[in-house]
Structures are given as structure tokens and as C-alpha cells.
Amino acid sequence: MAYQVLARKWRPQRFSEVVGQQHVTRTLQNAIKESRIGHAYLFVGSRGIGKTTGARIFAKALNCEHPATDADGSIEPCCECPTCHEIAGGSCLDVLEIDGASHNGVEDVRQIRDNVQYTPSNGRRYKVYIIDEVHMLSPQAWNALLKTLEEPPPHVKFLFATTEPHKILPTILSRCQRFDLKRIPVPLIVARLHEIATAEKIFVHDSALTIIARAAEGGMRDAQSIFDQMIAFCGGNDEGSPISESDVIDVFGLVSHSELTHLVEAILQNDAGALISAVHNLADKGRNLECLYADILLYGRNLMVFGHVSDPRAMLELNDAEFADLQQLAAVATPSVVQRLVQGLLAGDSNIRYTLNKRIYIESTLLRVMRDAHAVQVDDLITQLRILQEKGTLPAVDTAPAPSPPAAPVQSTPPAAAAPSPAPVAPKPEAPQTPESASPEPSAPPAPEAAAPEAAAPEEPQLTLVPDEAAPAAPEPDQQETSSSPDLWQQAEQDETVQGAVDLFGGKIIDVRAVQKD
Ligand SMILES: [Zn+2]
Numbered sequence: 118m119a120y121q122v123l124a125r126k127w128r129p130q131r132f133s134e135v136v137g138q139q140h141v142t143r144t145l146q147n148a149i150k151e152s153r154i155g156h157a158y159l160f161v162g163s164r165g166i167g168k169t170t171g172a173r174i175f176a177k178a179l180n181c182e183h184p185a186t187d188a189d190g191s192i193e194p195c196c197e198c199p200t201c202h203e204i205a206g207g208s209c210l211d212v213l214e215i216d217g218a219s220h221n222g223v224e225d226v227r228q229i230r231d232n233v234q235y236t237p238s239n240g241r242r243y244k245v246y247i248i249d250e251v252h253m254l255s256p257q258a259w260n261a262l263l264k265t266l267e268e269p270p271p272h273v274k275f276l277f278a279t280t281e282p283h284k285i286l287p288t289i290l291s292r293c294q295r296f297d298l299k300r301i302p303v304p305l306i307v308a309r310l311h312e313i314a315t316a317e318k319i320f321v322h323d324s325a326l327t328i329i330a331r332a333a334e335g336g337m338r339d340a341q342s343i344f345d346q347m348i349a350f351c352g353g354n355d356e357g358s359p360i361s362e363s364d365v366i367d368v369f370g371l372v373s374h375s376e377l378t379h380l381v382e383a384i385l386q387n388d389a390g391a392l393i394s395a396v397h398n399l400a401d402k403g404r405n406l407e408c409l410y411a412d413i414l415l416y417g418r419n420l421m422v423f424g425h426v427s428d429p430r431a432m433l434e435l436n437d438a439e440f441a442d443l444q445q446l447a448a449v450a451t452p453s454v455v456q457r458l459v460q461g462l463l464a465g466d467s468n469i470r471y472t473l474n475k476r477i478y479i480e481s482t483l484l485r486v487m488r489d490a491h492a493v494q495v496d497d498l499i500t501q502l503r504i505l506q507e508k509g510t511l512p513a514v515d516t517a518p519a520p521s522p523p524a525a526p527v528q529s530t531p532p533a534a535a536a537p538s539p540a541p542v543a544p545k546p547e548a549p550q551t552p553e554s555a556s557p558e559p560s561a562p563p564a565p566e567a568a569a570p571e572a573a574a575p576e577e578p579q580l581t582l583v584p585d586e587a588a589p590a591a592p593e594p595d596q597q598e599t600s601s602s603p604d605l606w607q608q609a610e611q612d613e614t615v616q617g618a619v620d621l622f623g624g625k626i627i628d629v630r631a632v633q634k635d
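The sequence shown begins at 118 in this note's numbering and counts up by one.
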């Protein structure tokens, strides 16, 4: 018999064999059991996690001649009747698998639409259309299918599968029951690979299976394909030399956990030399640098989780040795540094795919991210200053004037500043006062607060602040005003707060009324 790849040979044939998608299989089984079968189902999820497999098992269970009932009452296809065999072999005339990527036009859909009216052959119950990559269907094709999808004949079921549900029109989504398949956890993939290895009499270390499962990123088909490739490379038939972790690492250019720990340790210690030589060693060994970057990011994420969660074990998908490594690093890592590391790495994550020299990119990015993560943060400085201030060894920051020397305040002579358009006009505090009330005590305090918003929006330098109100309030007394102003200026200039504001604006605070008069 011709060789069949593991992914096909070990493709699940019953609901109970589907790994990690119980929330989907149970719903489908219950639907059959309670005769509540919808007319359109949409299976959503990344590649190789069981969308089409699930759809095919469902099609078998719908049409099986002798459906079996498990101990817990759930329905399973018998996998022995001619219908089950035909569906599994892809030769059943009533279960049509269509590739949506290549059959995406109106004509293809029209063909489906014409066929749905014919009842299934051989006394089968349902005609099932499994359309893969259904997001590739053109809008015209969807429109042609819309009516049939809404009210298909009772013997027709549509099972759609897609990796990109966001590309499907809402009108279609609302006509389907949607099932989101989950990324399969590493331990479940390892268990399944172990099962396959035992049945195929392949000798392999569990640590090697873990690396394979991790490289598959939650997809069972990818994991089985990688395992296939490893068997082709190493044999694995000899009990004396089983497939090992280092075999997998070498073949796929991956990075071992200990190498990764060494590198992350250098970053956490802010040791640029150790960091660069670690990257150099890995690049020299031919490691996949794109994977390396992703691995460092994942390691950082694991450290971050470790720093914040009391029982992180279940969230990390690590074996005992790896968990111990992480624990050791987490003990010396500062959570805020780790978080900045992760954020810095994330920012550069998308660029690494497009960069031509990945090695230099990784070196420079890791150096920058490391330096940034360890740099003194403004927040920390402010906290330190607050502590000093509370101890009484530092003057209050918010009342202290700007750093320019207070001994040399720039004299703001009102008439001289009249000519240019005075951008940062500060409200003259004494303006609203009537001429006779020369007492200046309410004048000084509002100066800093009023000046601040003015500085924030300097693009509108109109003189709208005070004079508008002052003009109607003080109708006639020009002479009196001029006589009182210099006094107020002198008083204001002696005021500490006003002094601070004057310094802040580089001495550009002027008497608004004086400008208007000129
Ligand atoms: Zn059957």
C-alpha cells in the first residue's frame, strides 16, 4: 500500500478522536441527538486545527447508516457502513467538498444552486456541501447563494470552513451557526503525537515532541507534518537512538530553552556584550532568527505572567525543567523592566519579516530594547523627588520657579513691547479693577493659573482676555489707570508667584491695556 502521511493516516474519524475541540464536537453531537440540526454551519479557526475534519465527521454522522451511541449517549458515525467509507474516501456523491478558493465565482455557486433541489441518492438523509476557505467566494457568488442559504431544501446542509471570518459578509454570518475552533494546547498535541509514535513504533523523547508541538503553534496537522519530517530525517525505528530534542532543533533551526534562557538572562542583566555574543552563537549555528525573535518575545511574556500571576503554571505550557529555568530568572527580574522589554519587542515584531539582514536587526533591536527597559524612567524620578520632598530635603516642585536664575528677571516695559504681535499674552491681573481700588491683594494670585492655558494654546494671540470686560466696566478714567498701573506692576513684580510666571515666559508678560492704548 502506498505511503500515507501521518496527518492523513491519523485524521480523526469520530468526534471522540478530535483533539481539543470538545466545545464544538459536543454541540454537533447534541444537535443530531435532539434532531435540532441547523442548515448552515461555519467552522472558524487557524490552519490544521480540525475545521474540515470536524465538518466531515459531522457529515458522516448525519448520513451514517448505523450511527453508534456512546456510553454517555452521544452520537458517533459507525465508520464501517458504505456511506461512512465513501465520505471518508471523498467519493460520496451526496457529500461534496468544494474548495472555495478555486470555485469562487457565480458559475460555481449557480451549479450548487441547481443541484440542491435533487434529493440525496441511496436513501441517504442529507446532501451536504462542505465549502473550504469560504471567505474566498466573491461577493457576487455569495449573492447568488444567499437565497438558497436562507431557505435551503430540508435535505441540504451547508458546512463552511474559514481561517478569515472577518472577510465574510455579515448577512452570511447571520445565516450560519458559527463554531470557533481553539488553538490546540501543547500538552494535547504531545499526547496525540505520543499515541501516534507508539502505534507507528517510532522511538522519540517527549521533549522532542514538546518542541514539535510548540513549533506547530497550536495546529495538529502542522505538528504531524513536522513529526513526519523528523521520522524521515532520523528514522526513529531504533530503540537505542530515539529522536531527541536536539535533532528537532537542528533540523528546524529552532532555539533550545537553555539557549533562550541564557540570552534572556543577558538582557535582564543589561549585559550588552553577553547579549551580542549569544545572538552571534545562535546565528552561527544556523538558527532561524525570525523564530528566535518570536521565542524571546514569548519568553518575555512568560516572565511577565510569572511576575503577576500567583499560580502561573497552567498559563505557560512549559515542562518541569523549563518552568524551573523561568522561575530562576523571574526571581531576579524586575516586573516593570520585563514589561518594557515585552512592549519594546512587540513594537519591532512586524518589521523582522521584511528586514533583509535579520541578524543585525535582532542585535540592534535587542540592544535598544534592553537599554530602554533598564533606563531610568521619568515616573521613577518623580517618585524619588516626592520622597525627598516629603523628607523635607527638597522644595516643592510645583511652586518652584522655572530653572532660570531668579536674580535677573527681564523687565517688562509695557510701551516698548507694543510693536510686535505679542504671542503669549498673559492676562494682566489688575485689569478688572476700578481705578480707585488700588489695593493689589487679589491681583497677584491668579497669574500663574491664567498664564498656563495661554501658553498651551499660543496660536490665538488675541487680546480678548481682560480688556473686553474692563472696557465697559471702566468707561472714562484713562489718566487714573495710567497712574495706578506702575504701582501695581511694581507690587506684582515683587510677588513671588508673578515673578515665577514672568521667568517662565522669558519676561514677555506685558500690560495688555498699555498695548491697546498705544
Ligand atoms: Zn456509518
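Where a beta carbon is used, it is the ideal one built from N, C-alpha and C, also for glycine. Small disclaimer: the values here were computed from a predicted structure and weren't measured.
With which residues is residue i paired in a DSSP beta bridge?
i	result
Asp249	Asp216
Val72	This structure gives no information on residue 72, because the portion of the chain shown stretches from 118 to 635.
Val161	Thr279 and Asp297
Ile192	Thr186
So, for residue i: in the same chain, excluding its five sequence neighbours on each side, which residues have a beta-carbon less than 6 Å away from its beta-carbon?
i	result
Pro559	Here the model assigns Pro559 a pLDDT of 44, short of 50, so the residue's position is not dependable, and the following value carries that caveat. Hits under 6 Å: none found.
Gln138	Gly167 and Leu298
Gln146	Phe132, Ser191 and Ile192
Thr472	Tyr478
Leu159	Phe277, Cys293 and Arg295
Ile360	Val321, Ala325, Met347, Cys351 and Gly353
Gln130	Cys196
Glu214	Ile247
Ala450	Leu385 and Leu420
Leu179	Tyr243
Glu593	Any reading at Glu593 must be qualified, since the residue scores a pLDDT of 47, below 50, and its modelled position is unreliable; the value itself is stated next. For Glu593, where only same-chain residues beyond five positions count, there are no Cβ hits under 6 Å.
Pro452	Gly424
Leu262	Val226
Ends of the alpha helix (DSSP H) at residue i?
i	result
Tyr478	Lys475 to His491
Ala332	Asp323 to Ala332
Ala389	Ala389 to Asp401
Asn419	Leu406 to His425
Trp259	Pro256 to Glu267
Lys284	It is not in any alpha helix (DSSP H) - Lys284 carries neither H nor E in the DSSP assignment.
Gly171	Lys168 to Asn180
Ile366	Glu362 to Phe369
Gln121	Element bounds for Gln121: n/a, residue is neither H nor E.
His156	Per DSSP, His156 belongs to no alpha helix (DSSP H) and is neither H nor E.
Val307	Val303 to Glu317
Asp211	From DSSP, Asp211 is part of no alpha helix (DSSP H); its letter is neither H nor E.
Arg143	Gln139 to Lys150
Val449	Asp437 to Val449
Should residue i go down as buried or exposed, given a rule of 16 or more other Cβ atoms within 10 Å for buried?
i	result
Asp428	exposed
Ala438	exposed
Glu193	buried
Glu224	exposed
Met432	exposed
Gly417	buried
Pro269	buried
Gly390	exposed
Arg430	exposed
Leu498	exposed
Arg125	exposed
Ala383	buried
Gly240	exposed
Ser373	buried
Glu250	buried
Thr200	buried
Leu123	buried
His202	exposed
Lys177	buried
Lys508	exposed
Here's a check: name, in chain order, each residue in its chain whose Cβ is nearer than 7 Å to the Cβ of residue i, leaving out the five neighbours to either side.
i	result
Ala119	none
Ala332	Ile343, Phe369 and Leu371
Trp259	Leu286 and Ile289
Leu254	Gly217 and Asn221
Ala573	Only weak support exists for where Ala573 lies, its pLDDT of 45 falling under 50; the value from the coordinates is given anyway. Result list for Ala573: empty, nothing under 7 Å.
Ligand 3 heavy atoms versus the CB of residue i: any closer than 8 Å?
i	result
Tyr471	Absence of ligand 3 is noted for the structure shown, with ligand 1 being the only ligands found.
Can you find the residues in the same chain that come closer than 8 Å, C-beta to C-beta, to residue i, ignoring five residues on each side of it along the sequence?
i	result
Thr169	Phe160, Glu214, Ile247, Asp249 and Ala278
Asp339	Arg164, Gly165, Ala332 and Ala333
*Near ligand 1, which residues have their beta-carbon closer than 7 Å to a heavy atom?*
Lys177, Cys181, Glu182, His183, Pro184, Pro194, Cys195, Cys196, Glu197, Cys198, Thr200 and Cys201
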